[in-house]
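Asker:
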Amino acid sequence: MRVFSIQSDGKFHEYMQTPFQIHHEEAILEDWLESNPDGIVEDGKILVIGRQVATDLGGFIDLLGVDREGDVVVVELKRDRTPRDTLAQALEYASFAERLDTGQLESILRSYLNDESLSLAEHHREYFELGSDEAVAFNKDQRIVIVGQRVTQEIRQTASFLRSKGFRVTCVEFTFFQANGGTRLLSQEIVVGKESGKPRQVASGSLPIVTANEFLGSLDDNGKAVFSRILQLAKEKSMPIHWGTKGFSLNVDLGGRHVAICFGYPAESVYKQSIYTALRGRGGMASKTAVPEDVFSSLWSKAEATGLFVPAGRELKCLINRKLSEEEISSFLDWCEAVTEAVREHGLKE
Numbered sequence: 054m055r056v057f058s059i060q061s062d063g064k065f066h067e068y069m070q071t072p073f074q075i076h077h078e079e080a081i082l083e084d085w086l087e088s089n090p091d092g093i094v095e096d097g098k099i100l101v102i103g104r105q106v107a108t109d110l111g112g113f114i115d116l117l118g119v120d121r122e123g124d125v126v127v128v129e130l131k132r133d134r135t136p137r138d139t140l141a142q143a144l145e146y147a148s149f150a151e152r153l154d155t156g157q158l159e160s161i162l163r164s165y166l167n168d169e170s171l172s173l174a175e176h177h178r179e180y181f182e183l184g185s186d187e188a189v190a191f192n193k194d195q196r197i198v199i200v201g202q203r204v205t206q207e208i209r210q211t212a213s214f215l216r217s218k219g220f221r222v223t224c225v226e227f228t229f230f231q232a233n234g235g236t237r238l239l240s241q242e243i244v245v246g247k248e249s250g251k252p253r254q255v256a257s258g259s260l261p262i263v264t265a266n267e268f269l270g271s272l273d274d275n276g277k278a279v280f281s282r283i284l285q286l287a288k289e290k291s292m293p294i295h296w297g298t299k300g301f302s303l304n305v306d307l308g309g310r311h312v313a314i315c316f317g318y319p320a321e322s323v324y325k326q327s328i329y330t331a332l333r334g335r336g337g338m339a340s341k342t343a344v345p346e347d348v349f350s351s352l353w354s355k356a357e358a359t360g361l362f363v364p365a366g367r368e369l370k371c372l373i374n375r376k377l378s379e380e381e382i383s384s385f386l387d388w389c390e391a392v393t394e395a396v397r398e399h400g401l402k403e
């Protein structure tokens, strides 16, 4: 496709089609999609709730969103991977997204927007301007959107096959143009998944917030031994606990502003029975506090030195699938106190 601008003298001036990667990093395309989510899918806009979202298998979802009906949308850039790798990764990310409950989606949104007070249901209602008689059941279904400057025939054919079997896959192809004066244009076309439908009216509600007793009751003996001590530490040190629909975050109170230092999850959650740090992820300590980089590195090393944690994206995770010794539990609690001291010493970012 050729694109022209019409000059004041009526003459055409052609915009030259340019390979996107020559002038731009992939992150720029993420920025553009993040800022302009309308039209990415075939039947409406997307509420973006996360970017570079870490999965349980160590991957990162380029953009994670929710559509009008509350279904989760995984947006994946094609990059230079083979068609097989592109589709396999998108399906892997969708399988992770399928297991996210409302509380986990809300936690991702809060981290993404750096606002612990946000309600996913209320934010979604305002964004899509839902009627007073409409409520949403989040994540009843998942959608995959693959975006690339060239969507190969192999991807198109496989995506069309997946759609015929009930998988909601959309492929978007974009073309980048640039004129001599520096003016840029971006066109996009949905090459798989153009079928449209009328907005559906949906109704249901969100899952209830779990209580401490319910959370402990969902754990095995190994988990109870660890998490009961964490909750005891929180009580003794006046550290706020934020409960979700599955797990919780352990926080440091800085004059009414709460900074999460770790997250706890039960066995039935997508993260299994585990503890995740909140050091470097989006919305974590690095984005909220004035803790210096050398202190972050020291805290990271101390967590690894306990022998309990392994890397999980930009964080560390401790999978509680065995009985931890008293020494191991104490070493983790000592780490929590060290993190707390660092946060209180350096405070929030200005």
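In the working numbering, the protein residues as written are 54 to 403. The beta-carbon is built from N, C-alpha and C at its ideal position, and this holds for glycine as well.
1. List, from N- to C-terminal side, the alpha helix (DSSP H) runs of 4 residues or more that fit wholly inside the stretch 194-244.
2. Flag this pair as yes or no: are the beta carbons of threonine 211 and isoleucine 314 separated by less than 8 Å?
3. Express the C-alpha separation of cysteine 224 and alanine 331 in angstroms, rounding to a whole number.
4. Whole beta strand (DSSP E) runs in the stretch 322-370 with 3 or more residues, listed along the chain?
5. Tell me which residue opens and which closes the alpha helix (DSSP H) that valine 279 is part of.
6. I'd like the list of long-range same chain contacts for phenylalanine 113, defined as Cβ closer than 8 Å, with 5 residues on each side in sequence excluded.
7. Below 8 Å between beta carbons: does that hold for methionine 292 and leucine 307?
8. For glutamate 179, which residues does DSSP report across the bridge?
9. Have a look at arginine 221 and glutamine 195 and give me their C-alpha separation to the nearest angstrom.
10. Look at the alpha carbon of isoleucine 208 and the alpha carbon of aspartate 62, and state the distance between them as a whole number of angstroms.
11. Buried or exposed: which applies to glutamine 60, given that a residue is buried once 16 or more other Cβ atoms fall within 10 Å of its Cβ?
12. Asparagine 304 bridges to which residues according to DSSP?
13. Whose C-alpha, out of Ala190, Tyr318, His177 and Ala278, is nearest the C-alpha of glutamate 380?
14. Touching or not, the stretch 273-290 and the stretch 360-375, by the rule of three or more beta carbon pairs under 8 Å?
15. Which of the three DSSP states is assigned to leucine 100 in this structure?
16. The alpha helix (DSSP H) spanning leucine 116 covers which residue range?
17. State buried or exposed for lysine 193, treating a residue as buried only when at least 16 other CB atoms are found within 10 Å of its CB.
18. For threonine 264, is the classification buried or exposed, using 16 other Cβ atoms within 10 angstroms of its Cβ as the cut-off for buried?
19. If we count the other Cβ atoms within 10 Å of its Cβ and call it buried at 16 or more, is glutamate 368 buried or exposed?
20. Could you spell out the range, first to last residue, of the beta strand (DSSP E) harbouring valine 126?
21. Buried or exposed: which applies to arginine 163, given that a residue is buried once 16 or more other Cβ atoms fall within 10 Å of its Cβ?
22. Take the Cβ of histidine 181 as the centre, count every other Cβ of all protein chains shown within 10 Å, and call the residue buried at 16 or more, exposed below.
23. Can valine 125 and alanine 150 be called in contact, C-beta distance under 8 Å?
24. From this set, Gly103, Pro136 and Thr228, which residue's C-alpha is nearest aspartate 168's C-alpha?
25. Given a threshold of 16 other Cβ atoms within 10 Å of its Cβ, counted over all protein chains shown, does glutamine 206 qualify as buried or as exposed?
26. On the DSSP letters alone, give me the boundaries of the alpha helix (DSSP H) that isoleucine 161 sits inside.
27. Where does glutamate 159 land, buried or exposed, given buried means 16+ other C-beta within 10 angstroms?
Answerer: Put simply:
1. As for any alpha helix (DSSP H) of minimum length 4 sitting wholly inside the stretch 194-244, the runs are 206-217, ordered along the chain.
2. Counting from one through the sequence shown, the residue named residue 211 turns up at place 158. Counting from one through the sequence shown, the residue named residue 314 turns up at place 261. No, they are not a contact pair.
3. By one-based count along the sequence shown, residue 331 stands at place 278. By one-based count along the sequence shown, residue 224 stands at place 171. Each residue's Cα considered, the two are about 34 Å apart.
4. Fully enclosed beta strand (DSSP E) runs of 3 or longer: 327-330 and 363-365.
5. By one-based count along the sequence shown, residue 279 stands at place 226. Taken as a continuous stretch (DSSP letters only), the alpha helix (DSSP H) holding valine 279 covers 274-289.
6. On the sequence shown, position 60 is the one that residue 113 refers to. Contacts found: Gln105, Val106, Ala107 and Gly366.
7. Position 239 of the sequence shown, counting from 1, holds the residue named residue 292. Position 254 of the sequence shown, counting from 1, holds the residue named residue 307. Against a cut-off of 8 Å, the Cβ pair of leucine 307 and methionine 292 comes out as no contact.
8. Numbered from 1 along the sequence shown, position 126 holds the residue referred to as residue 179. Bridge partners of glutamate 179: none, in fact.
9. Along the sequence shown, read from residue 1 onward, the residue named residue 221 stands at position 168. Along the sequence shown, read from residue 1 onward, the residue named residue 195 stands at position 142. Looking at the two C-alpha atoms, the distance is approximately 7 Å.
10. For the purposes of this step, residue 208 is taken as the residue at position 155 of the sequence shown. For the purposes of this step, residue 62 is taken as the residue at position 9 of the sequence shown. When only Cα atoms are considered, isoleucine 208 and aspartate 62 end up about 44 Å apart.
11. Residue numbering aside, residue 60 sits at position 7 when the sequence shown is read from its first letter. Residue burial is scored here from C-beta neighbours: glutamine 60 has fewer than 16 other C-beta atoms within 10 angstroms and is therefore classed as exposed.
12. By one-based count along the sequence shown, residue 304 stands at place 251. The partner list for asparagine 304 (beta bridge, DSSP) reads Ala313.
13. For the purposes of this step, residue 380 is taken as the residue at position 327 of the sequence shown. The residue with the shortest Cα to Cα distance from glutamate 380 is Ala278.
14. The stretch 273-290 vs the stretch 360-375: in contact.
15. Looking up residue 100 in the sequence shown gives position 47. Correct three-state label for leucine 100: strand.
16. In the sequence shown, residue 116 corresponds to position 63, counting from 1. Premise fails: leucine 116 lies in the beta strand (DSSP E), 113-119, not in any alpha helix (DSSP H).
17. Along the sequence shown, read from residue 1 onward, the residue named residue 193 stands at position 140. Lysine 193 comes out exposed.
18. Residue mapping note: residue 264 aligns to position 211 of the sequence shown, counting from 1. Exposed: under 16 other Cβ atoms inside 10 Å.
19. Counted from its first residue, the sequence shown places residue 368 at position 315. Per the 10 Å Cβ criterion, buried.
20. Working through the sequence shown from its first residue, we reach residue 126 at position 73. That run of the beta strand (DSSP E) goes 125-130.
21. On the sequence shown, position 110 is the one that residue 163 refers to. Burial of arginine 163 is indicated by the presence of at least 16 other C-beta atoms within 10 angstroms of its C-beta.
22. The residue you call residue 181 lines up with position 128 of the sequence shown. Residue 181 is actually phenylalanine in this sequence, not histidine. Per the 10 Å Cβ criterion, buried.
23. Mapped onto the sequence shown, residue 125 falls at position 72. Mapped onto the sequence shown, residue 150 falls at position 97. Against a cut-off of 8 Å, the Cβ pair of alanine 150 and valine 125 comes out as a contact.
24. For the purposes of this step, residue 168 is taken as the residue at position 115 of the sequence shown. Out of Gly103, Pro136 and Thr228, the CA that lies nearest to the CA of aspartate 168 is found in Gly103.
25. For this step, residue 206 is matched to residue 153 along the sequence shown. Counting Cβ neighbours within 10 Å, glutamine 206 comes out exposed, since fewer than 16 surround it.
26. For this step, residue 161 is matched to residue 108 along the sequence shown. For isoleucine 161, the enclosing alpha helix (DSSP H) has its first and last residue at 155-166.
27. Walking along the sequence shown from the start, residue 159 turns up at place 106. A buried status is given to glutamate 159, since no fewer than 16 other beta-carbon atoms sit within 10 Å of its beta-carbon.
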